[in-house]
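Participant:
Protein chains in written order, with this note's numbering: chain A, 31 to 310; chain B, 31 to 310; chain C, 31 to 310; chain D, 31 to 310; chain E, 31 to 310; chain F, 31 to 310.
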């Protein structure tokens with residue numbers, strides 16, 4: 031757990047043996063994203079990808095609210111703004127902006143690429159970068175007090191670190207998706223559930239966390255080879271044709287079916303007992 | 031507004047300073063699509079793409095109903111039919127049919143490619159080409175009296191100007207999509223909303239228009255650089271993998287973040303006032 | 031019908047003139063998939079693809095339940111397991127596993143590629159391979175007693191014959207999709223309908239079959255050129271960008287609009303009578 | 031021929047019955063591209079696409095040289111530069127630059143999309159936009175005095191109207207492609223032939239034209255359905271996988287094989303006579 | 031070898047222990063393709079795909095010439111023609127033509143998909159379907175007397191079973207590719223080599239076969255896991271971006287590097303001896 | 031230059047003001063790839079991507095030869111082998127092998143993604159990983175004594191860090207590509223040039239370096255915005271359709287044409303002087 035310990039605005043703690051609880055931890059600023067939080071987010075999930083103890087992640091936030099989004103007063107944004115204003119050549123400015131945008135995109139994508147199911151447990155405000163972040167998770171649960179806002183158009187920009195790419199692929203009513211992206215309005219929890227942005231809504235923050243952790247524990251009891259493959263193949267298939275998805279799955283499972291987990295799973299099933307799977 | 035003035039079966043009028051109200055205007059034939067209407071549709075939205083005053087479009091229809099679809103008695107269809115029957119060589123017929131289909135597809139796609147959010151406000155019947163048209167819009171609102179029909183199989187053909195391509199990408203229940211495409215049955219407003227074809231249903235035609243215009247005005251108050259980018263990137267991302275969508279967004283925003291709107295948006299937020307954005 | 035007659039675990043019978051009723055027919059083993067059933071499934075739908083009498087297929091199951099999924103005690107699985115355990119070289123094992131996985135994928139994909147609408151009528155348990163199979167159908171109806179389970183993680187593997195590829199493309203709530211894939215839990219009929227996995231739920235198995243057959247008959251009365259094209263183009267468009275889908279549709283319809291069905295469809299419409307279409 | 035007659039900087043004349051000779055016709059400025067020439071190029075090939083008399087096009091240039099590329103002193107460039115310098119907002123400048131670049135790209139792509147084989151006959155200098163243009167042609171012949179230069183880096187920009195997209199796909203030595211794109215150096219005819227940029231080199235301008243026209247006439251004697259399809263499918267296949275290319279070809283030829291040309295071609299072959307094909 | 035024995039127009043014989051010599055064997059008709067030969071071609075290479083003895087294939091032809099292409103007088107073509115002329119509905123004709131074209135494409139693609147390197151040894155005429163066939167092989171050698179002709183435009187059609195898809199991807203001068211596809215002219219061996227259609231030219235048919243077999247034997251001495259993977263990944267990478275190719279290679283080699291061949295290969299290298307690899 | 035200084039097996043030194051000379055620096059082991067060299071390669075080019083001084087890179091090697099490829103005796107390979115042999119579960123082994131392969135791929139791809147033209151200057155042996163590396167460079171020059179070998183099949187594996195993906199896209203004779211991949215034979219410099227693997231061959235190692243550096247200096251004098259864009263767009267276009275490449279170029283150049291370099295380039299051209307461009 032040592033590399034998690036060095037994170038400043040993210041708190042990562044083990045729940046039981048195989049679930050990692052990752053919490054946004056900058057509550058005094060409503061978990062707004064500054065340079066440090068972007069960096070921590072990336073580093074945390076890059077570490078998860080190599081952490082063979084961890085089979086499932088629960089992502090929540092400390093304090094009053096999930097996240098207020100980008101911290102417009104923080105150094106990171108000042109830096110981005112200064113990149114724009116200090117340079118006289120728009121082409122060179124573009125060159126330097128590219129790196130900044132790509133870095134932030136990579137922090138969000140680290141959640142998707144970490145190869146462990148990530149369950150977001152969202153309470154209070156989930157604004158701007160918070161929507162980018164939550165759509166990169168596998169499962170989205172929230173409490174009744176949660177609300178969502180694709181805030182970017184309000185500050186004169188198109189969302190650029192994942193929302194416009196992932197939101198329409200996790201939600202089944204495109205008219206609604208575009209409406210909330212064009213208006214930046216606050217979407218309450220129940221509406222978010224009705225249109226498919228979240229999978230379940232719970233009455234209180236406690237119930238939310240309890241259920242997210244219960245789900246995580248349930249998944250952690252499954253074969254890590256199986257849940258890893260399921261996430262990996264779902265992501266792959268989202269981005270490819272059915273036939274390409276099938277062909278890639280053949281290549282993947284040619285190795286992954288040669289698992290001792292398959293034998294253990296089948297045996298446990300026949301013996302009506304809970305299977306026990308080794309770490310990755 | 032001069033180029034809008036030359037349209038015959040489409041009426042385009044300004045609402046407030048930045049919203050264009052586009053109305054199908056062939057009510058005596060239930061706004062059925064003839065050659066002129068296809069041409070007008072294309073020309074209208076090609077003009078929108080260069081009209082820097084217009085930031086949002088509301089698309090509705092004059093008369094009893096949104097549209098009865100293709101006008102089977104009109105010259106356009108006669109021409110298409112005559113293409114088939116006059117020529118003896120099926121290959122040459124195919125060559126000429128190609129151009130006709132492509133022209134009609136381009137008219138519908140002009141709505142998608144005009145780079146301004148388009149809000150469809152649908153009342154009464156929305157049949158055949160009307161479904162093609164509405165799925166090319168960004169947001170779909172309708173009144174309680176509206177109904178939808180993917181009519182094509184009833185006249186012995188597969189829908190070919192956009193419905194089969196876009197409908198499954200705006201709706202989240204594929205079993206239902208296929209059922210209505212295979213049966214051509216009338217889908218009432220509430221069912222259309224339940225399955226995600228429309229974003230909202232209103233009691234009367236008046237409420238429908240009122241709300242569509244209110245939404246348009248709200249969006250028109252946002253940065254035009256931001257709403258343009260949001261539409262452009264949502265369309266791009268629909269058709270690409272998440273990673274391709276992110277990479278393209280980097281290229282796009284490397285220019286578009288260098289906007290004066292970003293400064294205005296941030297300042298207005300800090301000063302708790304409504305931002306004021308220049309035209310494109 | 032001779033080639034259908036040679037199937038052992040599938041029963042195929044004609045309903046009326048143009049509907050084929052395909053039934054999983056291994057009720058004594060809860061229609062679990064063994065080698066023979068995989069082969070029969072492939073052969074049945076490969077035959078459908080050349081059967082110009084058949085315009086629509088209803089797929090249901092005989093006995094207590096739709097299917098219990100893969101038959102873990104059958105020879106097919108023994109064979110797969112033995113491929114793994116008999117060979118000492120994991121690379122050569124992978125080479126032989128590839129063929130087995132691909133064969134099973136092809137059996138499921140034969141449903142999708144048969145070019146006739148397939149309506150699944152599901153009762154009782156629909157587990158594992160049953161979900162793969164049903165998501166490859168065009169329309170999914172079920173009875174109230176039905177439940178669904180993406181069972182694979184329970185036996186230590188990622189689903190590999192279609193569920194992970196097709197399920198997210200037929201359902202509009204991705205958070206829910208991932209939850210049920212990671213947990214393998216039983217999903218009741220109403221939940222399956224709410225999230226879009228099935229199009230309709232019926233009270234009893236009788237009503238289910240009645241309605242599935244009624245839908246099939248309705249579609250069978252449409253032009254076979256039109257329904258064939260609609261399925262083909264919906265499948266194509268799911269896997270391509272909107273622009274690619276449109277371009278392919280031009281090529282397809284350049285031939286298919288030269289159909290005598292188009293004339294018959296238009297004439298019947300004008301004469302307010304039911305059209306009569308020839309076989310393919 | 032009337033629509034060709036209205037072109038100002040392009041001369042289009044019929045050679046024999048089915049070959050159109052298109053000549054860049056601004057020799058006093060070395061056929062440098064100004065606004066008019068861009069527009070004429072687009073209009074000329076858009077007309078070819080509907081001109082059923084024309085089966086093959088020869089593209090050459092009047093005067094001393096093929097083309098000096100973009101006319102940096104002309105209004106078109108002044109306009110582009112003024113777009114940049116007049117506007118203070120780099121984002122809005124980007125928005126307007128987009129349209130200009132896209133227009134020029136479309137002019138070049140019209141050559142590719144016109145569905146008739148285009149044979150470029152190049153003499154003297156072929157610089158900048160001339161390389162974009164020639165790589166959009168099907169066959170490239172040149173005379174010994176020709177030389178080529180991908181000039182753009184010399185004026186501080188990356189080539190953006192087709193060279194970077196098409197050149198690597200027409201030439202088989204990528205190291206060489208990149209070298210000439212990075213250095214902008216003049217490539218003599220023989221080197222261009224050695225590395226695959228041109229198909230043949232002729233001693234004099236007269237031989238060049240003679241051979242280009244002879245090739246055009248030979249192709250014009252083939253079935254127009256066949257040559258149209260060959261160009262269309264080669265372009266399609268360049269941009270798709272082999273399997274996608276094959277699938278599209280099935281759709282295309284399902285119509286195009288029903289041609290009277292097929293019968294005429296086979297009969298002529300058996301009768302050892304030259305076939306005679308109707309226009310499109 | 032039993033399944034090879036049932037082939038009528040193809041002769042398949044073992045050379046040494048791991049090379050299969052496949053010969054077109056209808057010399058009395060210049061190996062022209064009739065229904066039987068199409069079927070045999072498909073069946074032969076489908077068998078190769080499961081034949082773990084065979085590691086490499088040499089494909090040549092008996093008699094005076096490689097192949098005269100499609101046999102216009104044979105039943106297959108008569109059948110195709112009769113499909114067109116017997117049916118009155120161009121749409122239904124298209125439906126049936128689709129199956130015929132797809133069948134022929136699949137016969138050619140079986141060569142590509144058989145997962146063993148295939149070396150074509152071509153002498154005499156290689157016309158029409160012969161070019162489709164040879165471009166689906168991995169390596170193309172020919173004798174000095176060989177010539178090639180993309181014959182299809184001469185009979186009024188675009189090549190539709192592989193040439194237009196594969197030829198531009200095996201040859202590095204696109205101007206030349208298009209010229210020979212548009213003209214159907216005979217291309218002599220040396221020209222074919224110069225432009226990259228063949229890898230080597232030999233003086234006589236004997237030298238040709240000798241060298242093709244020597245190459246086959248050399249490859250047959252390599253690890254079959256390695257050569258299988260090399261062919262599979264080259265085909266995959268041709269059809270994907272570099273990044274997609276790399277990602278698929280990771281999945282593939284995660285299994286295939288766990289080979290006993292890797293140890294044997296490394297050991298043999300260190301011990302300066304020839305490695306000895308087991309069959310697949 | 032500090033981060034370059036920490037590299038152990040790579041030497042990076044500035045030539046003139048804008049060219050970086052990167053040399054493989056493990057001559058005592060013939061520059062064979064061990065863990066350190068893989069890491070250094072990645073780190074070196076990751077640094078180049080942020081080094082605004084550097085406009086062009088020359089990549090060569092110290093000692094007798096370019097590189098002997100993978101160091102089979104080194105820790106990196108031992109580690110890879112031990113991953114395989116230490117673990118009993120082939121699925122978990124696959125999971126760990128994936129990371130290793132991906133790391134090595136990323137080291138090679140860093141060359142491609144560094145956004146500066148890279149000129150490989152190859153002498154002596156260029157084996158295995160050396161071919162992967164050189165095909166990721168933009169321009170390949172070599173001396174007469176150079177030879178190339180796609181060595182992987184000799185040790186029982188398919189090349190997996192770039193050769194199979196990139197080689198066929200830089201070379202225009204696919205028959206030859208496959209022959210050298212299947213046989214692992216040594217390809218002399220002249221043959222490599224003939225088939226397009228290298229752009230030029232020089233008599234001696236001195237001439238080679240002299241010419242590579244001269245080319246680098248020539249490119250370094252161009253606008254860095256232009257050469258960066260040219261490399262970026264060539265890579266993008268290689269992996270996309272022509273139309274996608276054009277669309278991306280519009281987005282890219284909407285920012286990058288707003289460069290002060292454009293003005294400087296045009297002015298210098300008119301004033302017949304050498305332009306002077308600022309760093310990125």
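No residue lacks a Cβ here, since even glycine has one placed at the ideal position from N, Cα and C.
1) Can you check whether the CB of residue 37 (chain E) is closer than 8 Å to the CB of residue 73 (chain E)?
2) Any chance the CB of residue 257 (chain B) is under 7 Å from a heavy atom of the ligand SAH?
3) Given a threshold of 16 other Cβ atoms within 10 Å of its Cβ, counted over all protein chains shown, does residue 48 (chain A) qualify as buried or as exposed?
4) What are the residues that DSSP puts in a beta bridge with residue 53 (chain F)?
5) How many angstroms separate the CA atom of residue 221 (chain A) from the CA atom of residue 177 (chain C)?
6) Give every residue of the same chain whose Cβ lies closer than 6 Å to the Cβ of residue 278 (chain F), excluding the five residues on either side of it in the sequence, and list them in chain order.
7) Identify which residue in F:35, F:128, F:217 and F:100 has its Cα closest to the Cα of residue 310 (chain A).
8) List in chain order: all unbroken alpha helix (DSSP H) runs of 4+ residues lying wholly within the segment 201 to 285 of chain D.
9) Find the residues of chain F that neighbour residue 242 (chain D), judging by a C-beta separation of less than 7 Å, and give them in chain order.
10) Please list, in chain order, the residues of the segment 171 to 187 of chain B that have any C-beta partner in chain G closer than 9 Å.
11) Can you give the Cα-Cα distance for residue 161 (chain B) and residue 181 (chain B), rounded to whole angstroms?
12) For residue 256 (chain B), decide whether its Cβ has a neighbour in chain F, counting only Cβ atoms nearer than 8 Å.
13) Does residue 303 (chain E) come out as helix, strand or coil in the three-state DSSP assignment?
14) Mapping DSSP to helix, strand and coil, what is residue 155 (chain B)?
15) Below 8 Å on the Cβ atoms is my guess for residue 284 (chain E) versus residue 285 (chain A); work out the distance and round it to an integer in Å.
16) Round the Cβ separation of residue 194 (chain D) and residue 188 (chain D) to the nearest angstrom and send it over; I've been treating them as touching at under 8 Å.
17) At which residues does the beta strand (DSSP E) containing residue 179 (chain B) begin and terminate?
18) Under 8 Å by Cβ, that's how I've got residue 63 (chain C) and residue 97 (chain C) pegged, so tell me the actual separation to the nearest angstrom.
19) Helix, strand or coil, according to DSSP, for residue 287 (chain B) in the structure here?
20) Can the beta-carbon of residue 40 (chain A) be found closer than 8 Å to that of residue 71 (chain A)?
21) Could you check what DSSP says for residue 71 (chain B) in three-state terms: helix, strand or coil?
22) Grab the span of the alpha helix (DSSP H) containing residue 128 (chain A) for me, first residue to last.
23) Can you tell which of B:211, B:212, B:203 and B:240 has the C-alpha that lies nearest to the C-alpha of residue 151 (chain B)?
24) Relative to the alpha-carbon of residue 212 (chain A), which residue among B:163, B:290, B:303 and B:250 has its alpha-carbon at the smallest distance?
25) Residues bridged to residue 311 (chain A) by DSSP?
26) If you follow the beta strand (DSSP E) that residue 183 (chain B) is in, where does it begin and where does it stop?
Facilitator: The structure says:
1) yes
2) This structure simply doesn't include the ligand SAH, nor any ligand for that matter.
3) buried
4) F:41 and F:90
5) 26 Å
6) 266
7) F:128
8) 204 to 213, 219 to 224, 235 to 250 and 254 to 268
9) By Cβ distance, chain F contributes nothing, its closest Cβ being about 24 Å from residue 242 (chain D), past 7 Å.
10) No chain G is present in this structure, whose protein chains are A, B, C, D, E and F.
11) 9 Å
12) no
13) coil
14) strand
15) 5 Å
16) 7 Å
17) 177 to 179
18) 7 Å
19) coil
20) yes
21) helix
22) 120 to 143
23) B:240
24) B:250
25) This structure leaves residue 311 (chain A) out entirely; chain A is present only between 31 and 310.
26) No beta strand (DSSP E) holds residue 183 (chain B); DSSP gives it neither H nor E.
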